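So for the sequence shown, this note's numbering puts the first residue at 95; every next one is plus one. For reference, the structure is listed below as structure tokens.
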Amino acid sequence: MGRTVPTVRQLMNEEYNEWIKMKPMLPPEERKALKELLDAALTRSDAGSIVPRVIPSETTFMLMLIHLKAKIDELEDRITEISAEQHHL
Numbered sequence: 095m096g097r098t099v100p101t102v103r104q105l106m107n108e109e110y111n112e113w114i115k116m117k118p119m120l121p122p123e124e125r126k127a128l129k130e131l132l133d134a135a136l137t138r139s140d141a142g143s144i145v146p147r148v149i150p151s152e153t154t155f156m157l158m159l160i161h162l163k164a165k166i167d168e169l170e171d172r173i174t175e176i177s178a179e180q181h182h183l
């Protein structure tokens, strides 16, 4: 017997397949950004399965936000490092 309720990963794959359809309509740099965000959400789908949502997009968007926040933190750390290096020159 098969499962009647799709897993979070299956739902996120469905979301991915729907959102990726807009890729051809975006400028090249935004295509890359869309794919990066969708891939980041899929990569974190195990974390998303801990708090399943009725609306799968909520999980996808939250995981994208986590990815973006991590990127911002990385950039802030790098800016701090560069500022410290400049200060010592």
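Just so you know, even glycine gets a beta-carbon here, dropped at the ideal spot from N, CA and C. Since the structure is predicted, the reported quantities are computational estimates derived from the model, not experimental observations.
Anticipated Cβ contact below 8 Å, residue i with residue j, distance rounded
i	j	result
Ala135	Leu157	4 Å
Lys117	Leu128	6 Å
Glu185	Thr154	For the chain, the structure presents residues 95 to 183; residue 185 sits outside this window and is missing.
Helix, strand or coil at residue i [DSSP, three-state]
i	result
Leu183	coil
Pro92	Only positions 95 to 183 of the chain appear in this structure, which leaves residue 92 out of reach.
Leu120	coil
Thr98	coil
Ile144	coil
Arg103	helix
Arg138	coil
Cβ-based burial, residue i [other Cβ within 10 Å; buried from 16]
i	result
Ser139	buried
Lys165	exposed
Glu152	exposed
Thr101	exposed
Pro150	buried
Met95	Any reading at Met95 needs caution, since the residue's pLDDT is 49, under 50, leaving its predicted position unreliable; the model's value is listed next. Exposed, since its Cβ has fewer than 16 Cβ neighbours within 10 Å.
Nearest residue (CA-CA) to residue i, options the options
i	options	result
Arg103	Leu162, Asp133 and Glu170	Asp133
Asn111	Thr98, Pro122, Leu131 and Val99	Leu131
Ile160	Arg147, Val148 and Gly142	Gly142
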